[in-house]
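Residue numbers (our numbering): 87 to 342. Using N, Cα and C, we set each Cβ at its ideal position, and we do this for glycine too.
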């Protein structure tokens, strides 16, 4: 059995795509989140293209080859070699600089909707990464094709926990337990796939639209409710009298 070298290769990694334009001047939080996802996907694609360029495992008959087993057991696709190679990859260093700009810009967004959700639901930074990934695919559907490419599986044109984990530096499979507020409140929905396939993760449609500033009515309420215009304020509201009455009631009977 061939023992594969896990050190960074001497041959250069391919630049899978030119670096996207600098997102520093992006006008919205949505554009920054999308730019962040694209940069992370570019870096991941460059690493995978390098691995595939050295691939000796394909045999075309659908069987698991000796070479493929050797590559899996040698753990070529683990996060550590990827990080080591990316540190020496010139386009990846440029992407890292752009990433730092994006993250500074995201941190400076006034009235951030992601930050508001994090505060309301107690989301961790890892939770926000997953929500941003799901939102990115929901806002820009062609990115599902990118997900299929990064899965190396055309049928997986959706986000999975393992892909999100590798993109956002969360290890092999992520840190998102079933008890996470993302799933408990269905900010992120889980959709079962075909037998043997990983589950798909999707952004809730209302959250998707609210995050980009276009809140819509839940489909289950359509036809039953409608927005109500503001009513003119009352000319007089006896706040002091009501407060005094409530105070007296509670004093007389605290069990109320």
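- Here residue 172 is near residue 129, since their CB atoms are less than 8 Å apart.
- In this structure, the beta-carbon distance from residue 297 to residue 127 does not fall below 8 Å.
- Straight-line measurement puts the Cα of residue 267 at about 7 Å from the Cα of residue 208.
- Within the stretch 217 to 280, the runs of alpha helix (DSSP H) that reach at least 4 residues and sit entirely inside it are, in chain order, 229 to 237, 247 to 253 and 267 to 270.
- Judged by their CB atoms, residue 222 and residue 214 are not nearer to each other than the 8 Å cut-off.
- In the same chain as residue 218, and ignoring 5 residues on each side of it, the C-beta atoms closer than 6 Å to its own belong to 119, in chain order.
- The beta-carbon separation of residue 246 and residue 273, rounded to 17 Å, does not stay under the 8 Å limit for a contact.
- Shown here, residue 194 sits in coil according to DSSP, grouped into three states, outside any helix or strand.
- In the three-state DSSP reduction, residue 303 falls in the coil class, being neither helix nor strand.
- Rounded to whole angstroms, the gap between the alpha carbons of residue 196 and residue 340 is 43 Å.
- Here residue 295 has 301 and 302 as same chain residues with Cβ atoms under 8 Å from its own Cβ, once five neighbours each way along the sequence are excluded.
- As computed with DSSP, residue 288 is found in a beta bridge with 275.
- Rounded to the nearest whole angstrom, the C-alpha separation of residue 234 and residue 211 is 25 Å.
- A Cβ-Cβ distance of about 5 Å is found for the pair residue 251 and residue 259, placing them in contact under the 8 Å criterion.
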